[in-house]
Each structure stands twice: as structure tokens, then as C-alpha cells.
Amino acid sequence: MKSLYCSLPFLFVVVCSLSWVNASANSHENFLDCLSSYHPQESSSISKVIYTETNSSYSEILESSIQNYRFFTTNTPKPLVIVTPLNNSHVQATIHCSKKHGLQIRIRSGGHDFEGLSYVSQVPFVVIDLVHFRSIDVDVENEEAWIQSGAITGEVYYRINERSTNLTFLGAVGHTVGIGGFISGGGYGLLFRKYGLAADNVIDATFVDANGRVLDRKLMGEDLFWAIRGGGGGSFGIVLSWKVKLVHVPSTVTVAAVRRTLEQNATQLLHRWQYVAPNLPNDVYSVVSISTTNSTENGERTVVATFVSVFQGGANELIPLMQERFPELGLVREDYIEMTWIESILLLTGLTNQTSEVLLDRSYKNFFLSPSFKGKSDYMRKPMPEIVIQGLWSRLLEDEARISTLNIIAYGGKMDEIPETETPFPHRKGTLYKISYYVGWQEDDNSNPQRYISWIRKVYKYMGPFVSKYPREAYLNYRDLDIGRNNNEGKASYKQASVWGRKYFKENFDRLTYVKAKIDPENFFRHEQSIPPRFH
Numbered sequence: 035m036k037s038l039y040c041s042l043p044f045l046f047v048v049v050c051s052l053s054w055v056n057a058s059a060n061s062h063e064n065f066l067d068c069l070s071s072y073h074p075q076e077s078s079s080i081s082k083v084i085y086t087e088t089n090s091s092y093s094e095i096l097e098s099s100i101q102n103y104r105f106f107t108t109n110t111p112k113p114l115v116i117v118t119p120l121n122n123s124h125v126q127a128t129i130h131c132s133k134k135h136g137l138q139i140r141i142r143s144g145g146h147d148f149e150g151l152s153y154v155s156q157v158p159f160v161v162i163d164l165v166h167f168r169s170i171d172v173d174v175e176n177e178e179a180w181i182q183s184g185a186i187t188g189e190v191y192y193r194i195n196e197r198s199t200n201l202t203f204l205g206a207v208g209h210t211v212g213i214g215g216f217i218s219g220g221g222y223g224l225l226f227r228k229y230g231l232a233a234d235n236v237i238d239a240t241f242v243d244a245n246g247r248v249l250d251r252k253l254m255g256e257d258l259f260w261a262i263r264g265g266g267g268g269s270f271g272i273v274l275s276w277k278v279k280l281v282h283v284p285s286t287v288t289v290a291a292v293r294r295t296l297e298q299n300a301t302q303l304l305h306r307w308q309y310v311a312p313n314l315p316n317d318v319y320s321v322v323s324i325s326t327t328n329s330t331e332n333g334e335r336t337v338v339a340t341f342v343s344v345f346q347g348g349a350n351e352l353i354p355l356m357q358e359r360f361p362e363l364g365l366v367r368e369d370y371i372e373m374t375w376i377e378s379i380l381l382l383t384g385l386t387n388q389t390s391e392v393l394l395d396r397s398y399k400n401f402f403l404s405p406s407f408k409g410k411s412d413y414m415r416k417p418m419p420e421i422v423i424q425g426l427w428s429r430l431l432e433d434e435a436r437i438s439t440l441n442i443i444a445y446g447g448k449m450d451e452i453p454e455t456e457t458p459f460p461h462r463k464g465t466l467y468k469i470s471y472y473v474g475w476q477e478d479d480n481s482n483p484q485r486y487i488s489w490i491r492k493v494y495k496y497m498g499p500f501v502s503k504y505p506r507e508a509y510l511n512y513r514d515l516d517i518g519r520n521n522n523e524g525k526a527s528y529k530q531a532s533v534w535g536r537k538y539f540k541e542n543f544d545r546l547t548y549v550k551a552k553i554d555p556e557n558f559f560r561h562e563q564s565i566p567p568r569f570h
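Note that the working numbering has the sequence shown beginning at 35, numbered continuously upward.
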């Protein structure tokens, strides 16, 4: 009877909706009973980490790690249950009971997924929030650390810095980014031109599969260990912790930053930067952040490009280097600021007036642009001509782009030396730089953000002829459902998923589908851009 009702348009929509609600409610109650009975001796402990909509803390827990308010509206689907596990058995129980009662799982470490896939689903679902999985065990002598997936980047930086000011982890620039999702997507940061990605420096992991088995690198095997280091979260299972190599940083770091408007030759400088930055020494991280501002001359809006270099060393080394390689930028001695590594993290994350303890504050809402945004990404293998850059400027000056930015991050260095197949992350040799596009809007516009989303899509289309091709590459950690998606249940054929999969992974996508078939053949872990299983 249900299938007949749902096949008829309009008349039975309400009936179908009610049947879905009733089914969800039944699954919800059965799921809770299952959790309590999975380990009867632990029923009291797991009851303390279960939140439903009837719980007074539910909304607070849900919102605590939402980093994009585009997915926090009255119309956004909410999880039936949020579980904040304290131990492995809580994770195992949640997986078991979700499978048994037909609920999807979303896994959240920091909540920075650009499309909200760590806490939103179009079908009945449960969120496993790893907020309590945040221990950081630093081994200074062996230059290693075990980091649980729920830790945020700031916590990791801070705890390592407590033990040694000359060691660190290859973390993100944003301090509230969760370690689990960050490493799962590859993970680039200020040191990636010197040491590679976070995923390139993982040496072991603790992983729970769809059958509840807890596996380390030896037990999971090298194929799965390869896949979880850049193949994306929510596809294979749940990584609870990572063993990573720590890397060296000097006692002095130098940051040079200067702003240039169109009237100050920003076009010509960005054009020149494309040839200079990818060829700078590995110790230099170089980014150009482009937005708009009011011109001091006539008060009208103009484009401003902020050129930033972060150098692992003193100003006495960076100054002659920049004078030789990029004299056109016109940097003067006052533009160079020496600081410690941890101070450079605070500066680049916009926390300059804070003490380093702010890195421990996972509730700190340091929104990059605005609470609500849409993002996209591109990789460049050839420099843009000046006329293309000028075309970007005209689009940035449109009304919808008032809260927008383009970040252009130089590649090269160590990234040219690591093979494309070393991990699932393929954007290596030959990549000049990455572009990230963002557009934001005020919370009042969340009910109708389409004008802003249309704007960024228009910019992305404009850039099509000038970026990487066959495929047009994209960065998984800047997730973009515009480039392709599975259906709302997370299911897709190999052919359908290849549309978006090759943009993120290129030829590595095939290997990922085979790994998926071995570890999760029933495709339990899935979402709109999860890897589908492919069988030989």
C-alpha cells in the first residue's frame, strides 16, 4: 500500500510524509533500546552520551560544531540521535544499532564540512560526535604523537608546543578544524611545501569498520591504510585516532604581509606572483587573499590583494630572498615580522590579540567570512593571463560578492616530489597553485541564499577554460556537491560517482572503490559523496 501511495503525485504526499515520520520514530525508539542492550553492563555510561530532541542539551550539542550556518535553519534535517562516545564500545554499539534499525551514520570531528555532510542527511540518521575523542599523546623523543580524531587543530598545536617549541604537526590554518576530517581529506597547512600533507605523515591509525572490528595498520592492511589517508571521511569506517610524525620548526618564523589594491597594481603583481611563488624555497608558504574594500581615494569599492609569506627562519634570510625573487612587490623592512611558530599560527588564524590558550577553545566561532557560506576550489597548472585576472575583478565587484574572497595558495616544493599515487590525494607535481572561492551572506539571507550561490557558480564557470582539465580537479576538504553527488541515500553507481570522484582523486578513484568493496561491501558508510563499492 505504501509504494502505491508514494507513486501517486500530490494527493498522497502527506500520507507518505507521515509514514516516513512514523518509521523514523519507530527506528529511533528501537535504536535507543538497542544501544542500552548492546552492552548491558555499560548501559548507564552510554545513556549519558545520548541526546535526542527531547533532551534539553540536544540543540546545544548539535550547534556546538556547526561551522556553516547554511545548514542550521528550521528546514535543515536534524539527527534523530546524537551520540558523543566515551570509548570504543560506544562507537561499536552505535554502528551495530544503526545497521540493525536502518539508520545512516554521520561522523563529526570538527564540523567544518563545507556541505554539512558530517551533521546533515536527507534520510533518518544518527550523528557520532567525537568531541570526547580528543586525547593527544606526544612523544618528543621519537618525534611522534597519537591524536584522537575529535581533537581540533588548535589543541594539537598547543599540546605539542607545551612539550617542545621546535616540533609541531602538519595541521590546518583554522584552529577549530577537527583532526579526523582534516587528515581524511589529505590536509594541507603552513608547512605542506616543506613536509607534504598531514596524510603524508600518518604512520598508524585506529579504525572501526562496519562490523565493529577495531583495526590498526597491521590488521587493516596497506590498502585500507592507504585509503583512509586522503580518501575522505564517512566512506570506509570511523578512524578514532592517528599516529603521526612530528616535524621540526625553527625558533624564529617570519611573516611578511602587504596589501595592494587595483590602483596599486594588484593585477600585475598577482600575474607575476604566479611565476614566482611555486618556485620559492620549500621553507616559504605563500598565499594571496583577494577580496574587496572601499578605496581610500574615492570611497568606491575596489579589489584588494593581500600577499602573505610565512618563512621558517629569520627576516635576515627572507628579505634578500624576496628582494631577489619578487622585487615588484615592494616589501620594506617594516613588512617583515619575526615571531615564534605558535605566534604565527595565532596571526594567520586571526587571533593576534589572544593568548595561545585560545587554541584550546573549540567553541570559538572564528568564522572566516560569515556564519553562512558556499565554497569551491580549483587547481591551476598554467598561469592566468592578465586579462583573465581582470575578468575576475569585475565579478568580485558585483553586489553579491560583498562578502567573498579568493585564496590562492602556492604549491611546488615537497608536493612536487611525492607521487600522485602515494595517498588518494593526487594534486601534486605540476600544480602551480590552488584557488579556493568563498562567498558568504548574513544569517537573515539563509532562507534564500540562491543569489550568492549563483554568483559563485558563475565565477567558477568563468574560470573553467583556464584551470586544470580532464578532470577539472577539486580539493576534497573544500567539499562541493555542485561537481556531482550520489543520491540522497548515498548510493551511486561507479559511473555516477566517477563524475565527482575523479575530480577529487583522479586515477586514485578506481583503487578507492576496490578498497571500499573489500572493507564495506554492503555500503553501510555512505553519504552524498562517499566512495561506492566496485567489485572485480
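Here a beta-carbon is modelled for each residue, glycine too, at the ideal position from N, C-alpha and C.
Asked, Found
"Just list the residues that DSSP pairs Gly409 with in beta bridges.", "Tyr472"
"Hey, quick one: how far does the beta strand (DSSP E) through Phe159 stretch, first residue to last?", "159 to 163"
"State the start and end residues of the unbroken alpha helix (DSSP H) segment that holds Ala300.", "300 to 310"
"Taking the alpha-carbon positions, what's the Gly364 to Ala349 distance?", "15 angstroms"
"Ordered along the chain, which non-local residues of its own chain (more than five positions away) have a Cβ less than 8 angstroms from that of Leu224?", "Val207, Tyr319, Val344, Ser378, Ile379, Leu382"
"Given this structure, state the Cα-to-Cα distance separating Asp573 from Pro111, to the nearest angstrom.", "Because residue 573 is not part of the residues shown, which for the chain are 35 to 570, the question remains open."
"Of all the options Phe148, Leu96, Val287, Pro119, which has the alpha carbon lying nearest to the alpha carbon of Val211?", "Phe148"
"Hey, quick one: how far does the alpha helix (DSSP H) through Met254 stretch, first residue to last?", "251 to 254"
"Distance check for Gln530 and Leu201, CA to CA, integer angstroms please.", "43 angstroms"
"Closest to Ser411 by C-alpha separation, out of Asp171, Pro505, Ser285, Ile469, would be which residue?", "Ile469"
"In this structure, what does DSSP give as the bridge partners for Ala179?", "Val172, Val278"
"Rounded C-beta distance between Val322 and Thr340? I'm assuming under 8 angstroms.", "7 angstroms"
"If you count every other CB in all the chains shown that lies within 10 Å of the CB of Pro567, and 16 or more means buried, which is it?", "buried"
"When you compare only the Cα positions, how much space is there between Asp243 and Leu274?", "11 angstroms"
"Return the chain-ordered list of same chain residues with a C-beta closer than 6 angstroms to the C-beta of Lys408, the five sequence neighbours on each side being excluded.", "Val473, Ile487, Ile490"
"Hey, Ile353 and Val125 are a contact pair by Cβ (cut 8 angstroms); roughly how many whole angstroms apart?", "With a Cβ gap of about 51 angstroms, Ile353 and Val125 do not count as contacting."
"Tell me, which residues are paired with Glu562 by DSSP?", "DSSP output for Glu562 lists no bridge partner at all."
"Along the chain, where does the beta strand (DSSP E) containing Leu363 start, and where does it finish?", "No beta strand (DSSP E) holds Leu363; DSSP gives it neither H nor E."
"Measuring only the C-alpha atoms, how far is His73 from Cys131?", "12 angstroms"
"For Asn511, which residues in the same chain have their Cβ closer than 6 angstroms to its Cβ, ignoring the five residues on either side in sequence?", "Gly219"
"Pull up the CB-CB distance for Val161 and Pro119, whole angstroms please, since I reckon it's below 8 angstroms.", "About 11 angstroms separates the two Cβ atoms, so there is no contact after all."
"Are the beta-carbon atoms of Gly145 and Arg104 separated by less than 9 angstroms?", "no"
"Would you kindly work out how many angstroms separate the C-alpha atoms of Asn245 and Gly447, rounded to a whole number?", "41 angstroms"
"Can you confirm whether the stretch 448 to 460 touches the stretch 251 to 270 when touching is taken to mean that 3 or more C-beta pairs between the two stretches lie within less than 8 angstroms?", "yes"
"How close, in whole Å, do the beta carbons of Tyr370 and Ala444 come, if the pair is a contact with beta carbons under 8 angstroms?", "No, Tyr370 and Ala444 are not in contact; Cβ-Cβ is about 18 angstroms, not under 8 angstroms."
"Bridge partners of Leu440, per DSSP?", "Ile324, Tyr471"
"In chain order, which continuous runs of the beta strand (DSSP E) of length 3 or greater are located wholly inside the stretch 77 to 160?", "115 to 117, 138 to 142"
"Kindly identify the DSSP beta-bridge partner or partners of Ile371.", "Val289"
"Closer than 8 angstroms to a non-hydrogen atom of the ligand NAP - does that hold for the CB of Thr455?", "As presented, the structure is devoid of all ligands, the ligand NAP included, so that no description of it is given."
"Let me confirm a value: Pro505 is counted as buried when at least 16 other C-beta atoms fall within 10 Å, else exposed. Which label applies?", "buried"
"Going by DSSP in three states, Gly223 sits in which element: helix, strand or coil?", "coil"
"Using the beta-carbon count (16 or more within 10 Å), is Thr547 buried or exposed?", "buried"
"Identify every residue that forms a DSSP beta bridge with Val318.", "Phe345"
"Work out the CA separation of Arg294 and Glu334 for me, nearest whole Å.", "15 angstroms"
"Answer yes if the stretch 412 to 419 comes into contact with the stretch 492 to 505, meaning at least three C-beta pairs across the two stretches below 8 angstroms, and no otherwise.", "yes"
"Can you list, in chain order, the residues of its chain whose CB lies under 6 angstroms from that of Ile442, leaving out five sequence neighbours each side?", "Val322, Tyr467, Ile469"
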